[in-house]
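Numbering (this note's numbering), first residue to last: 2 to 113.
The beta-carbon is built from N, C-alpha and C at its ideal position, and this holds for glycine as well.
Nothing here was measured: the structure is a model prediction, and the numbers come from that model.
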DNA sequence: AACTTGACGGTCA
DNA sequence: ATGACCGCCAAGT
């Protein structure tokens, strides 16, 4: 029986992303296996603001390192400011040096 | 109950 | 390299 829903598992992973690093919707979905798709992770982030927990949703971007979710942070550049405050450089909506900033749960975390 | 809409990503032309 | 297409499936209409 599943104690935790898919969304909860997503939130657990996101909370483990270190400051100054980012991961992607697809990477989280892959880490959680066949339980959900990247779209579901995106939907989980969409709902994350309703959670009492503090979810660092700004550390989740798309697979190219683009800030595709920025519109959901209230102000137009809130997501960008949060990332820059952690030392991440952004031009336009693109994270610079995305390869070095990328944090892959499948490689950094133990298997589920 | 049926149809549309995405914070996505892989494939193919 | 760029763009269309499509599978994914929870929520909102």
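Alpha helix (DSSP H) segment containing residue 55, residue limits: Position 54 of the first chain, counting from 1, holds the residue named residue 55. Unbroken run through residue 55: none, as it is neither H nor E.
Delimiting residues of the alpha helix (DSSP H) encompassing residue 12: If you number the first chain from 1, residue 12 lands on position 11. Counting along the chain, the alpha helix (DSSP H) containing residue 12 begins and ends at 7-16.
If you run the structure through DSSP and keep just helix, strand and coil, what is residue 67? Taking the first residue of the first chain as position 1, residue 67 is located at position 66. DSSP, read as helix, strand or coil, puts residue 67 in strand.
Residue 111 versus residue 104 - alpha carbon distance: Here residue 111 corresponds to residue number 110 of the first chain, with the count starting at 1. Here residue 104 corresponds to residue number 103 of the first chain, with the count starting at 1. Each residue's alpha carbon lies about 13 angstroms from the other.
Taking 8 angstroms as the cut-off, decide whether the C-beta atoms of residue 101 and residue 20 are in contact. Residue numbering aside, residue 101 sits at position 100 when the first chain is read from its first letter. Residue numbering aside, residue 20 sits at position 19 when the first chain is read from its first letter. When the beta-carbon positions are compared, residue 101 and residue 20 stay at least 8 angstroms from each other.
Determine the DSSP secondary structure at residue 74, reduced to helix, strand or coil. In the first chain, the residue the question calls residue 74 occupies position 73. Residue 74 carries a coil assignment under DSSP once its states are collapsed to helix, strand and coil.
Mapping the DSSP letters down to three states, classify residue 96 as helix, strand or coil. Taking the first residue of the first chain as 1, we reach residue 96 at position 95. Residue 96: strand per DSSP, three-state reduction.
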